[in-house]
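Here the sequence shown is numbered in our numbering, starting from 113 and rising by one per residue.
Below you'll find the structure, written out as structure tokens, and then a few comments.
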Amino acid sequence: MKQLDSATLARLENVAYRLRWHTVDIARDHLKMHFGAVFSIIEMVVALYFNWMRYDPNNPQWEERDRFVLSKGHAAPALYTALAEAGYYDLDELHHFRSLHSILQGHPCRLKTPGVEVSSGSLGTGIATAVGIAIAGKLDKAPWRVYVIVSDAECNEGSTWEAIQVASNHHLNNLVVLLDRNGTSASGPMLRRNDIEPLEDKWRSFNWAVTEASGHDFQSLYDGLQWSETITDRPALIICHTEKGRGMSVIKEHPEHNFMLNADQYRRALIELDDIEKELVNHVN
């Protein structure tokens, strides 16, 4: 497996910091947001958009682009900030998040936002749509691939299991799923819900190739994505072990799933971001 050099790792860490900063900046108007869900996938989104996928922000409909589907649509700010940093639209658009007539609504909308492939939000529907896109790609013998981020809570949805069964039956080796394994859902820890364990074995039983990665480690994610390209006869799953609210203690300690930051929490979040920035600068120097 190819190793990422220090310059690339530093660049990716810096982008991850900026996505977290943008997300907190959006929240300065005390907007409700699924902060924990957003921050648990930041590194996964950065790895895809800034070190892996093929796309052209100046031509969002470029035929040979890789397709990305955020099945866990409630984490939309992670995608919006990445698209802005990638050049799909101006960073100032982020300040209009969830505003009337904004191109950035609470959940991804392909009719409004440049770079969004699939309107998502209802858990289990994004991956089903992604399977359809991958089937179309296979029929067209297209060079592009489909990447999907799903939540572990989506494994409680019947539509998810129907979709992954169809994917394996069609031998969709152009489909890669990154599963955000943070162990929590809107109603609390996953263990208190309909038990999805043993998760890896279940996906394997549906004839998927399965590996695991640290969802906050860029080398580990890169290893997983490199591995996915070696799978030639079936779809691939990378179970990414993550932390809800990663990088922000004020987020991790919050008991609610969808909430707004009060003035004190916003101030503390900025202090933590400032510490992250200083650490990144020290690494460079």
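Note that beta-carbon positions come from the ideal geometry of N, C-alpha and C, so glycine has one too.
According to DSSP, simplified to helix, strand and coil, what is residue i?
i       : result
Met-372 : coil
Ile-153 : coil
Ser-280 : helix
Leu-124 : helix
Leu-287 : strand
Leu-349 : strand
Thr-344 : coil
Thr-354 : coil
Asp-137 : helix
His-292 : Here the sequence assigns Asp to residue 292, which means His is not the residue at that position. Correct three-state label for Asp-292: strand.
At what residues does the beta strand (DSSP E) containing residue i begin and finish?
i       : result
Leu-182 : 179-182
Tyr-259 : 258-263
Glu-312 : Per DSSP, Glu-312 belongs to no beta strand (DSSP E); it is in the alpha helix (DSSP H), 311-317.
Ala-325 : 321-326
Please name the residue, chosen from the options, that lies closest to residue i on a Cα-to-Cα basis.
i       : options                               : result
Arg-380 : Phe-318, Thr-344, Val-278 and Ala-139 : Ala-139
Asp-252 : Leu-216, Leu-284 and Phe-371          : Leu-284
Asn-394 : Ala-194, Asn-126, Gln-115 and Lys-114 : Asn-126
Ala-119 : Leu-143, Gln-331 and Glu-365          : Gln-331
Ala-159 : Pro-220, Lys-224, Ser-326 and Lys-364 : Ser-326
Leu-195 : Lys-114, Tyr-334, Arg-222 and Ser-211 : Arg-222
Ala-279 : Gly-295, Tyr-259, Arg-293 and Met-372 : Tyr-259
Glu-155 : Arg-358, Asp-376 and Asp-387          : Arg-358
Gly-249 : Leu-287, Glu-384, Gly-227 and Ser-271 : Leu-287
Leu-228 : Gly-185, Leu-382, Ser-361 and Gln-277 : Rather than Leu, the amino acid found at residue 228 in this sequence is Val. The residue with the shortest Cα to Cα distance from Val-228 is Gly-185.
Glu-197 : Ala-187, Gln-277, Tyr-161 and Asn-374 : Tyr-161
Ser-317 : Leu-349, Thr-296 and Thr-342          : Leu-349
Asn-163 : Ala-128, Cys-352 and Ile-388          : Ala-128
Ile-388 : Lys-114, Ser-361, Val-181 and Ile-351 : Ser-361
Ile-456 : Glu-269, Ile-363, Gln-277 and Lys-364 : For residue 456 there is no data in the structure shown, the boundaries of the chain being 113 and 397.
Ile-351 : Leu-382, Ile-261 and Asp-376          : Ile-261
Leu-385 : Asp-137, Asn-268, Met-113 and Lys-114 : Asp-137
Thr-296 : Leu-121, Asn-268 and Val-322          : Asn-268
Val-230 : Thr-323, His-208 and Val-181          : Val-181
Note the first and the last residue of the continuous alpha helix (DSSP H) segment covering residue i.
i       : result
Leu-251 : 237-251
Ile-363 : 361-364
Gln-173 : No alpha helix (DSSP H) contains Gln-173, which DSSP labels as neither H nor E.
Leu-195 : 188-198
Do residue i and residue j have their CB atoms nearer than 8 Å?
i       : j       : result
Arg-177 : Trp-256 : yes
His-328 : Thr-344 : no
Pro-189 : Val-150 : yes
Ser-152 : Ala-242 : no
Trp-320 : Arg-346 : yes
Leu-235 : Ala-265 : yes
Gly-148 : Lys-356 : yes
Leu-216 : Tyr-200 : no
Arg-210 : Leu-124 : no
Asp-292 : Ser-263 : yes
Ile-245 : Arg-179 : yes
Leu-116 : Tyr-378 : no
His-146 : Asn-294 : no
Ser-271 : Thr-225 : no
His-213 : Ser-232 : no
Ile-239 : Ala-275 : yes
Taking 8 Å as the CB-CB cut-off, is residue i touching chain C?
i       : result
Tyr-201 : Checking the listed chains, one finds no chain C in this structure; it contains a single protein chain.
For the ligand GTP, is there a heavy atom less than 7 Å away from the beta-carbon of residue i?
i       : result
Ile-245 : By its list of ligands, the structure shown contains no ligand whatsoever, and the ligand GTP lies outside what it can speak to.
Touch test, the region 121-137 against the region 170-182, Cβ-Cβ under 8 Å, three pairs minimum: no
Would you call the region 331-342 and the region 308-319 in contact, with 3 or more CB pairs under 8 Å? no
Three or more C-beta pairs below 8 Å linking the region 276-295 and the region 194-206: no
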